[in-house]
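Q: Read top to bottom, the protein sequences are chains A and B.
The numbers in the first sequence follow the numbering used here, run straight up by one, and end at 808.
The numbers in the second sequence follow the numbering used here, run straight up by one, and end at 808.
Just so you know, even glycine gets a beta-carbon here, dropped at the ideal spot from N, CA and C.
A quick note: this is a predicted structure, and the numbers were derived from the prediction, not measured.
So that we are looking at the same thing, I have put the structure below in structure tokens.
2 protein chains.
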Amino acid sequence: MAGGTEVPGGGARPATSTDVAIEAGVSQATVARTFSAPHLVSEGTRQRVSEAAARLGYVPNAFARSLKSQQSNVVGAVVPAYGEYWQNVLSAVTRELAARGRQLLLFSFTDPGEVDDVLDIVRQYRVSGLLLASASIRPDQLSAMRRQSSPTVAFNQPAASGLVSSVSVDNESGCRLLASHLVDQGCRTAVFVGGVSSISTDQARYRGAAREMGDHGVALPYIEAGAFSYDAGYGCAERIARLAPDAVMVGSDEVAFGVIDGLESRGIRIPDDLAVTGFDGLPQAAWAGIDLTTLVQPTDLLARHAAELLVDTASASRPTDVVVDGHLRIGRTTKRSDR
Amino acid sequence: MAGGTEVPGGGARPATSTDVAIEAGVSQATVARTFSAPHLVSEGTRQRVSEAAARLGYVPNAFARSLKSQQSNVVGAVVPAYGEYWQNVLSAVTRELAARGRQLLLFSFTDPGEVDDVLDIVRQYRVSGLLLASASIRPDQLSAMRRQSSPTVAFNQPAASGLVSSVSVDNESGCRLLASHLVDQGCRTAVFVGGVSSISTDQARYRGAAREMGDHGVALPYIEAGAFSYDAGYGCAERIARLAPDAVMVGSDEVAFGVIDGLESRGIRIPDDLAVTGFDGLPQAAWAGIDLTTLVQPTDLLARHAAELLVDTASASRPTDVVVDGHLRIGRTTKRSDR
DNA sequence: GAATCCTATGAATACGTATTCATTGCGTCA
DNA sequence: TGACGCAATGAATACGTATTCATAGGATTC
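Structure follows, in structure tokens:
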């Protein structure tokens with residue numbers, strides 16, 4: 470058996486502000502001020518304290534600070550564990566928050582059924598803001614979190630209106646743009662492939678697409694892939710092929726990638742036999758080998774709005790809804806060579 | 470009559486264990502025990518406390534708990550803000566940690582130069598474990614964090630040996646597998662495309678590839694893409710084409726996707742004119758439209774090992790290095806129809 | 001030259017919980 | 001029956017910091 474595992478500096482407890490105070494010959498209060506309100510400390514003292522702190526390797530304890538000051542610099546995020554889209558959102562939001570001096574405490578869930586348990590854990594952390602990837606979170610769950618006096622932002626769920634703040638892209642008009650583009654290309658029959666029909670985002674996208682198509686006399690049957698994943702999209706190919714439409718509008722890029730490959734595996738050529746559109750504007754949509762026509766969400770802009778709401782404590786009592794327009798990206802998947 | 474579910478609204482400060490104690494007619498200590506050591510409380514009392522807590526909407530304060538108990542359930546993660554690969558790792562690690570009752574506090578950085586600042590912030594949070602996406606973190610920065618008595622794990626940087634624990638795939642043997650496969654396919658000349666040559670992972674992969682190729686008398690010049698991104702890969706096409714090799718081994722999938730599209734845009738057919746391999750085994754590599762030959766990292770397994778090390782407090786004083794083998798995925802990008 | 005104000009600091013307290021120590025009541029064993 | 005052990009609880013304290021209140025000079029004003 471190996472005995473005392475001697476780590477230099479390992480067993481020693483981290484230095485506290487009191488330790489630094491003694492080392493620098495000042496009071497603990499002065500040390501605290503040096504780090505959290507330097508302007509209240511004279512130049513000379515600040516210097517001495519800083520040196521003492523450096524000598525002892527002192528670093529303020531964020532937990533104690535949060536406890537006392539009743540506010541943390543931590544923003545919570547409840548996000549699905551899977552999904553290309555959410556990974557990108559998370560990445561963008563993290564960047565924006567970091568730029569505002571906030572850290573992100575991540576709570577992920579695999580199954581929507583876990584959300585309640587996760588939210589209970591979230592409550593234990595007195596986060597200064599909460600981001601909810603709400604396509605997967607029920608409205609009543611959203612409203613339960615509003616109790617917190619900290620800003621709460623639902624990402625991509627405009628239906629959350631009134632309960633919490635929200636930031637989202639205009640799903641309906643985005644889909645109208647896509648549908649309109651397809652009609653321009655000569656599309657006369659089409660199909661919509663959604664991910665999960667119970668999700669409000671999915672519904673809004675279908676609604677927009679169906680209305681625009683309807684305005685041009687084109688019917689738009691709905692097919693449910695069952696998940697927002699490549700595989701789910703791939704598995705839809707047969708059902709789509711059976712309907713033999715001019716075009717297929719897919720509710721999200723990730724599913725669309727699967728749909729495309731599924732269709733091509735059945736010998737259907739895109740766009741010659743069938744046009745395909747997506748939604749989200751994932752990075753992969755722009756890859757030359759894919760070049761998907763899609764509605765690009767301005768993720769960075771959305772993330773910036775979200776971060777601003779999360780940082781602004783006043784927004785807690787005044788829920789704000791931000792809706793941003795996406796823009797059309799036209800790729801090879803809808804470019805008919807003939808007509 | 471469910472009147473009790475009413476919680477005094479927004480502005481009211483959250484209930485504390487003392488509030489619950491009064492409500493339930495017990496001491497604060499008993500309330501604390503009810504939540505953190507229920508077995509020390511009698512059945513009846515536990516019941517009464519739970520009801521009082523529910524009535525007041527009480528939730529334990531994680532910060533206060535961490536402060537007093539000197540340990541948090543929070544694991545820190547320092548990860549680059551961009552990159553498909555890291556997003557996947559993060560996603561996997563988050564899942565594994567959630568299963569172990571840990572939350573993830575995310576610190577992201579855009580530029581390696583920010584790492585020092587980020588690490589300073591990390592130190593403020595007394596995280597119970599720290600995950601370092603260390604391909605971008607210097608060894609001296611790693612060792613500086615070892616001071617913490619909490620487990621520190623470098624993900625994908627075996628060179629961290631001795632300083633902190635590490636979890637990584639066997640880069641060198643993985644690349645040997647890929648190279649060997651290419652030679653079997655009849656490859657006689659080849660090129661290696663790395664991301665950033667100063668990164669140890671990049672070096673290890675090139676080393677493995679070059680050695681295996683060398684064993685078969687094939688030279689392997691190195692080309693640096695300049696970043697681990699699609700665009701960087703796309704931009705390499707010209708330099709690759711100029712060398713006109715049989716095969717190009719790319720150091721990471723994300724770059725490989727770019728290389729493929731870049732080459733095809735120049736009229737080079739894959740795999741007929743040129744074979745391509747990647748490394749990482751990103752989900753996109755398995756997409757039918759891409760079907761890249763690559764070395765698949767067992768991300769879930771790596772994440773599990775990382776999570777276990779991060780949770781095991783003993784691992785702090787006993788750095789452990791875990792190296793796992795990846796497996797070869799053979800896709801269309803190396804399948805020669807003729808020869 | 002005193003009244004006043006401002007700056008820099010220290011002493012003391014509170015944040016919400018976990019934990020030690022002490023106390024009580026009760027069942028058990030000799 | 002008395003000594004003892006155990007289970008359940010309460011009182012008190014400590015975790016590390018921010019902040020209020022008080023104090024001592026020193027500069028400023030009339």
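Do V543(A) and L574(B) come within 9 Å of each other at the CB atom, strictly closer than that value?
A: On the second sequence, residue 574(B) is found 105 positions in, with the first residue counted as 1. On the first sequence, residue 543(A) is found 74 positions in, with the first residue counted as 1. For L574(B) and V543(A), yes; Cβs fall inside 9 Å.
Q: Measure from the alpha carbon of D609(A) to the alpha carbon of each residue in V687(A), D769(A), S538(A) and V633(A), then state which is nearest.
A: Your numbering for residue 609(A) matches position 140 in the first sequence. D609(A) has its Cα closest to that of V633(A), out of V687(A), D769(A), S538(A) and V633(A).
Q: Rounded to whole angstroms, what is the Cα-Cα separation between M790(A) and T670(A)?
A: For the purposes of this step, residue 790(A) is taken as residue 321 along the first sequence, with counting starting at 1. For the purposes of this step, residue 670(A) is taken as residue 201 along the first sequence, with counting starting at 1. Contrary to the premise, residue 790(A) reads as Asp rather than Met in this sequence. Between D790(A) and T670(A), the C-alpha separation is close to 15 Å.
Q: For A713(A), which of helix, strand or coil comes out of DSSP?
A: Taking the first residue of the first sequence as 1, we reach residue 713(A) at position 244. In this structure, A713(A) counts as coil in the three-state DSSP scheme.
Q: Could you spell out the range, first to last residue, of the beta strand (DSSP E) harbouring Y699(A)?
A: By one-based count along the first sequence, residue 699(A) stands at place 230. First-last for Y699(A): Y699 to Y703, but that is the alpha helix (DSSP H), not the beta strand (DSSP E).
Q: Would you mind reading off the limits of the beta strand (DSSP E) that contains D585(B)?
A: Within the second sequence, the letter at position 116 stands for residue 585(B). No beta strand (DSSP E) holds D585(B); the alpha helix (DSSP H) holding it covers V584 to Q593.
Q: Run the CB neighbour count on G731(A), radius 10 Å, all protein chains shown included, and call it buried at 16 or more, exposed below.
A: Residue numbering aside, residue 731(A) sits at position 262 when the first sequence is read from its first letter. Classification of G731(A): buried, given that the 10 Å Cβ count is 16 or more.
Q: Pick helix, strand or coil for G552(B), following the three-state DSSP scheme.
A: In the second sequence, counting from the first residue as 1, residue 552(B) sits at position 83. In this structure, G552(B) counts as coil in the three-state DSSP scheme.
Q: Measuring CA to CA, which of L525(B), M614(B), G526(B) and T499(B) is closest to G513(B)?
A: Start at 1 with the first residue of the second sequence, and residue 513(B) comes out as number 44. Checked all of L525(B), M614(B), G526(B) and T499(B); the closest Cα to G513(B) is T499(B).
Q: Using a beta-carbon distance below 9 Å, is G599(A) in contact with chain B?
A: Working through the first sequence from its first residue, we reach residue 599(A) at position 130. The question names Gly, but residue 599(A) is Leu in the sequence shown. For L599(A), the answer is no, since every Cβ of chain B falls outside 9 Å of its Cβ.
Q: Are the beta-carbon atoms belonging to F624(A) and V665(A) less than 9 Å from one another?
A: Along the first sequence, one-based indexing puts residue 624(A) at 155. Along the first sequence, one-based indexing puts residue 665(A) at 196. No, the Cβ-Cβ distance between F624(A) and V665(A) is not below 9 Å.
Q: For the alpha helix (DSSP H) holding D769(A), just list the boundary residues, first then last.
A: Indexing the first sequence from 1 puts residue 769(A) at position 300. Taken as a continuous stretch (DSSP letters only), the alpha helix (DSSP H) holding D769(A) covers T768 to V780.
Q: DSSP beta-bridge partners for A659(A)?
A: Position 190 of the first sequence, counted from the start, is the residue given in the question as residue 659(A). Looking at the DSSP assignment, A659(A) forms a beta bridge with A716(A).
Q: DSSP three-state label for F748(B), please.
A: Your numbering for residue 748(B) matches position 279 in the second sequence. Of the three classes helix, strand and coil, the one that applies to F748(B) here is coil, per DSSP.
Q: I'd like the ranges of any beta strand (DSSP E) spanning at least 3 consecutive residues and lying wholly in the segment 623-656 of chain B.
A: 634-638, all fully within the segment 623-656 of chain B.
Q: How far does the beta strand (DSSP E) with Q497(A) in it extend, from its first residue to its last?
A: Translated into positions along the first sequence, residue 497(A) becomes position 28. That residue, Q497(A), is in no beta strand (DSSP E); its alpha helix (DSSP H) goes Q497 to S505.
Q: Do A550(B) and F504(B) count as a contact pair if the criterion is CB distance below 9 Å?
A: Within the second sequence, numbered from 1, the residue matching residue 504(B) stands at position 35. Within the second sequence, numbered from 1, the residue matching residue 550(B) stands at position 81. No; because the gap between Cβ atoms is not below 9 Å, this pair is not in contact.
Q: Report the option in S511(A), A523(A), Q539(A) and G631(A) whose CA atom is closest to the CA atom of R787(A).
A: Locating residue 787(A) in the first sequence gives position 318, counting from the first residue. Of the listed residues, the one whose Cα sits closest to R787(A) is G631(A).
Q: Would R607(A) pass as an interface residue toward chain B - the criterion being a Cβ-Cβ separation below 9 Å?
A: For the purposes of this step, residue 607(A) is taken as residue 138 along the first sequence, with counting starting at 1. Chain B contact via Cβ: absent.
Q: What in chain A is Cβ-close to V660(B), meaning under 8 Å?
A: Within the second sequence, the letter at position 191 stands for residue 660(B). The contacting residues do not exist; V660(B) stays about 20 Å from chain A at best.
Q: Taking CB distances under 9 Å as the criterion, tell me whether G664(B) reaches chain A.
A: As a first step, residue 664(B) must be located in the second sequence, where it is residue number 195. Chain A contact via Cβ: absent.
Q: Relative to the C-alpha of V596(B), which candidate in V792(B), V780(B) and V793(B) has its C-alpha closest?
A: The residue given as residue 596(B) occupies position 127 in the second sequence. Checking every option, the nearest Cα to that of V596(B) belongs to V780(B).
Q: Spatial neighbours of R674(B) within its chain, please: C-beta separation below 7 Å, excluding the five flanking residues on both sides.
A: Within the second sequence, residue 674(B) is the residue found at index 205, counting from 1. These residues qualify, in order along the chain: N640, C644, G720 and F748.
Q: Tell me whether the beta-carbon of D715(B) lies closer than 9 Å to the beta-carbon of A659(B).
A: Working through the second sequence from its first residue, we reach residue 715(B) at position 246. Working through the second sequence from its first residue, we reach residue 659(B) at position 190. Contact: yes.
Q: Using 8 Å for Cβ pairs, my map puts G750(B) next to G686(B). What's the rounded Cβ distance?
A: The residue given as residue 750(B) occupies position 281 in the second sequence. The residue given as residue 686(B) occupies position 217 in the second sequence. That belief does not hold up - the Cβ atoms of G750(B) and G686(B) are roughly 29 Å apart, past 8 Å.
Q: Might you give, ordered along the chain, the residues of its own chain that have their beta carbon closer than 8 Å to the beta carbon of T803(A), omitting 5 neighbours on each side?
A: Locating residue 803(A) in the first sequence gives position 334, where the first residue counts as 1. H650, L651, Q654, A716, P740, A744, V745, T746 and T762.
Q: In its own chain, which residues sit with a C-beta less than 6 Å from the C-beta of G695(B), not counting the 5 before and 5 after it?
A: For this step, residue 695(B) is matched to residue 226 along the second sequence. Only A701 meet the Cβ criterion.
Q: State buried or exposed for P690(A), treating a residue as buried only when at least 16 other CB atoms are found within 10 Å of its CB.
A: Taking the first residue of the first sequence as position 1, residue 690(A) is located at position 221. Flag for P690(A) reads exposed.
Q: Below 8 Å CB to CB, which residues in the same chain sit around P752(A) once its five sequence neighbours on both sides are set aside?
A: Counting from one through the first sequence, the residue named residue 752(A) turns up at place 283. Hits under 8 Å: N557.
Q: Using the Cα positions of G736(A) and A613(A), report the straight-line distance between them to the nearest angstrom.
A: By 1-based counting over the first sequence, the position of residue 736(A) is 267. By 1-based counting over the first sequence, the position of residue 613(A) is 144. Between G736(A) and A613(A), the C-alpha separation is close to 50 Å.
Q: Just checking: is the beta-carbon of G758(A) within a distance shorter than 9 Å of some beta-carbon in chain B?
A: By one-based count along the first sequence, residue 758(A) stands at place 289. So, interface residue.
Q: Considering just the uninterrupted stretch of the beta strand (DSSP E) at A602(A), what are its terminal residues?
A: The residue you call residue 602(A) lines up with position 133 of the first sequence. Segment G598 to A602, the beta strand (DSSP E) holding A602(A).
Q: Just list the residues that DSSP pairs F576(B) with in beta bridges.
A: Reading the second sequence from its first residue, position 107 is the one you call residue 576(B). DSSP lists V547(B) as partners of F576(B).
Q: Does A471(A) pass the burial test, meaning 16 or more other C-beta atoms within 10 Å, or should it be called exposed?
A: Residue numbering aside, residue 471(A) sits at position 2 when the first sequence is read from its first letter. Note that A471(A) scores a pLDDT of 33, beneath 50, so its modelled location is shaky; the value from the coordinates is reported in the next line. Answer is exposed; the Cβ neighbour count stays below 16.
Q: Closer than 8 Å between beta carbons: that is the criterion. Which residues of the segment 743-776 of chain B meet it against chain A?
A: The segment 743-776 of chain B vs chain A, Cβ under 8 Å: P752, Q753, W756, A757, G758 and I759.
Q: What residue range does the alpha helix (DSSP H) around V441(A) cover?
A: Residue 441(A) is absent from the structure shown; chain A starts at 470 and stops at 808.
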